[in-house]
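> Below you will find the structure I want to go over with you.
What follows is the structure, given as structure tokens:
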């Protein structure tokens with residue numbers, strides 16, 4: 073697994089690329105194009121540096137990264153756990169007013185991307201279930217979040233105006249919170265802060281069978297959101313809720329595919345180099361073969 077950290081944008085003419093690897097920073101203003109569900113962070117276009125999106129991170133939503141004790145700290149879980157909190161701390165150091173969380177495990181429509189518009193969001197992530205061990209005592213991590221309604225409404229309106237498949241959802245006459253769970257709560261926990269409001273963007277469930285077909289729309293949507301937020305004086309942080317290939321072991325719930333390791337390697341090479349071909353071509357090919365990434 074990997075974590076991606078974006079550098080803070082400073083000026084329109086001298087800004088470094090806002091999407092940098094944690095280990096291999098680069099400086100370029102070339103717009104990024106990216107693969108599948110690690111989406112908006114990479115396709116965002118940021119021609120202005122006065123506000124808008126100031127940085128972004130890719131963070132895991134799995135049990136073992138959040139609580140390495142579930143697997144006795146093995147298989148790199150402790151390193152990923154520590155790096156996730158480091159990345160979250162870095163994002164909060166940029167003082168975002170709003171954090172946009174892109175989730176593959178929220179409420180899902182069939183083909184449209186969904187923006188949560190209720191003022192309040194609430195729910196719990198149940199940890200320990202990934203062990204697939206009925207004798208293990210699971211426990212919950214709960215969180216209440218508040219939506220930046222102005223930002224959510226703006227993204228829905230502008231994205232639909234641009235002809236993109238984005239839909240807003242408002243439930244219970246906005247008198248009760250919309251539900252959130254592990255795909256939103258666990259990545260937010262790494263920020264270790266309750267200050268920023270959020271906008272939740274949920275990926276459609278067509279990703280399960282058609283993720284590589286979604287690439288053109290994902291790129292368009294990322295670019296459009298970048299342009300939409302460019303004109304806003306608020307500071308936005310991006311959190312992409314993501315786990316990589318799920319098919320590393322035959323004994324696991326998703327089985328084994330030789331494509332799993334090449335998929336993870338391709339994504340890591342993209343994060344280090346910012347060369348979009350690693351995502352758009354190499355990782356895309358491994359996803360089609362059965363890597364089963366999510367996020």
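In the working numbering, the protein residues as written are 73 to 367.
Yeah, the Cβ is synthetic: ideal placement off N, Cα and C, and Gly gets one too.
As the structure is a computational prediction, the values presented were derived from the model and not from experiment.
(1) Tell me the DSSP secondary structure of residue 264 in three-state form.
(2) Between the region 200 to 216 and the region 145 to 154, do at least 3 Cβ pairs fall closer than 8 Å?
(3) Residue 248: buried (16+ other C-beta within 10 angstroms of its C-beta) or exposed?
(4) So, with DSSP's three-state summary, where would you put residue 275?
(5) Can you grab the Cα-Cα spacing for the pair residue 357 / residue 351, in whole Å?
(6) Near residue 258, which residues of its chain fall below 6 Å by C-beta distance, leaving aside the five closest residues on each side in sequence?
(7) Put residue 192 into one of helix, strand or coil per three-state DSSP.
(8) Assuming contact is defined by CB atoms lying nearer than 8 Å, are residue 267 and residue 170 in contact in what I supplied?
(9) How is residue 197 classed by DSSP in three states: helix, strand or coil?
(10) Which of the three DSSP states, helix, strand or coil, is assigned to residue 255?
(11) Thinking residue 273 and residue 187 are a contact (beta carbons under 8 Å), I'd like their distance in whole angstroms, please.
(12) So, residue 262 versus residue 160, is the Cβ gap smaller than 8 Å?
(13) Is the region 276 to 288 touching the region 175 to 192 in the sense that three or more CB pairs, one from each, lie closer than 8 Å?
According to the data block:
(1) Locating residue 264 in the chain shown gives position 192, where the first residue counts as 1. The answer is coil: DSSP assigns residue 264 none of H, G, I, E or B.
(2) no
(3) Counting from 1 along the chain shown, the entry for residue 248 is found at position 176. Exposed is the call here.
(4) Reading the chain shown from its first residue, position 203 is the one you call residue 275. Correct three-state label for residue 275: coil.
(5) Locating residue 357 in the chain shown gives position 285, counting from the first residue. Locating residue 351 in the chain shown gives position 279, counting from the first residue. Between residue 357 and residue 351, the C-alpha separation is close to 9 Å.
(6) Counting from one through the chain shown, the residue named residue 258 turns up at place 186. The answer, listed in chain order, is 133, 138 and 197.
(7) Locating residue 192 in the chain shown gives position 120, where the first residue counts as 1. DSSP places residue 192 in the strand class (E or B) of the three-state scheme.
(8) If you number the chain shown from 1, residue 267 lands on position 195. If you number the chain shown from 1, residue 170 lands on position 98. No, Cβ-Cβ distance for residue 267 and residue 170 is not below 8 Å.
(9) Residue 197 sits at position 125 when you count from the first residue of the chain shown. It is a strand residue.
(10) Start at 1 with the first residue of the chain shown, and residue 255 comes out as number 183. Here residue 255 sits in helix by DSSP.
(11) Reading the chain shown from its first residue, position 201 is the one you call residue 273. Reading the chain shown from its first residue, position 115 is the one you call residue 187. Yes, residue 273 and residue 187 are in contact; Cβ-Cβ is about 6 Å, under 8 Å.
(12) The residue given as residue 262 occupies position 190 in the chain shown. The residue given as residue 160 occupies position 88 in the chain shown. Judged by beta-carbon spacing, residue 160 lies within the 8 Å limit of residue 262, meaning their Cβ atoms are closer than that value.
(13) A contact between stretches requires three or more CB pairs, one per stretch, nearer than 8 Å, and the region 175 to 192 meets this requirement with the region 276 to 288.
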